[in-house]
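Data block below; observations after.
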Amino acid sequence: MSKRIKELIKLDLDRYEEKIPKYERRFLKLLRKCQNSKGFLSYFYKFQYIKHCQKRNNEFPITVKVGSGLYLGHTSGITINPTVSIGKNCNIHKNVTIGQENRGERKGTPTIGDSVYIGINSVIVGNVVIGDDVLIAPGAFVNFNVPPHSIVLGNPAKIIKKENATQGYIQNKIK
């Protein structure tokens, strides 16, 4: 395993304060190995990753651009479009959908900034930009741009400006 893969895995696992469940640890390790391996090993890791995703009902393609320090609060029911971009120090919880809009002015997929907390059952769709330090509350439906330092809640969603919006929600940020 290359130094780069080991470093990414360590940065992801360092975000967890408590002991990380075995299946979440395995998911993160396999994701990073799939995204950064070449040759025969990449096929082996991809096979293992696909099996793991199917078991947990996840659609989290290895083509998703994910920054370091990813935190997954329960790896089940997560659906992410393959062309999504996610910054560093992001928390994604179960039953989250980050998807594509196929028509209209927001045709495309989201770009998510750094230090973003995405709560349980949240949906983010379309060619939208989610700024840094944004908290998306559980159950929120987001199909519009969100400025940095904001809280998004409700359906239809509303934006509340707040400095340090993710304070207390995103621990152990990596630099």
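Numbering follows my numbering, in which position 111 of the sequence shown is assigned residue number 112; successive positions increment by one, without gaps.
Even glycine gets a Cβ: it sits at the ideal position worked out from N, Cα and C.
Remember, predicted model here, so these are calculated numbers, not experimental data.
TODO: Could you check which residue in Leu-9, Val-129 and Ala-141 has the C-alpha nearest to that of Gly-105?
DONE: Val-129
- [ ] Determine the contact status of Ile-152 and Ile-161, defining contact as a CB-CB distance below 8 Å.
- [x] In contact: Ile-152 and Ile-161 (Cβ atoms closer than 8 Å).
Open item on the list: Between the segment 85-94 and the segment 42-58, can you find at least three pairs of beta-carbon atoms closer than 8 Å?
Closed with: Output reads no: the segment 85-94 does not touch the segment 42-58.
- [ ] Indicate whether Arg-33 and Asp-13 have their beta-carbon atoms separated by less than 8 Å.
- [x] yes
- [ ] Label Arg-42 either buried or exposed according to how many other C-beta atoms from any shown protein chain fall within 10 Å of its C-beta, with 16 as the threshold for buried.
- [x] The amino acid occupying residue 42 in the given sequence is Leu; Arg does not appear at that position. By the 10 Å Cβ count, Leu-42 comes out exposed.
- [ ] Could you check how far apart the C-beta atoms of Asn-78 and Lys-95 are, in whole angstroms? I think they sit under 8 Å.
- [x] Looking at the sequence itself, residue 78 is Gly, so the reference to Asn does not match. Right, their Cβ atoms sit about 5 Å apart.
Task: Entirely enclosed alpha helix (DSSP H) segments - the segment 18-44, minimum 4 residues - done: 23-37
- [ ] Kindly indicate which three-state DSSP category Phe-145 falls into: helix, strand or coil?
- [x] coil
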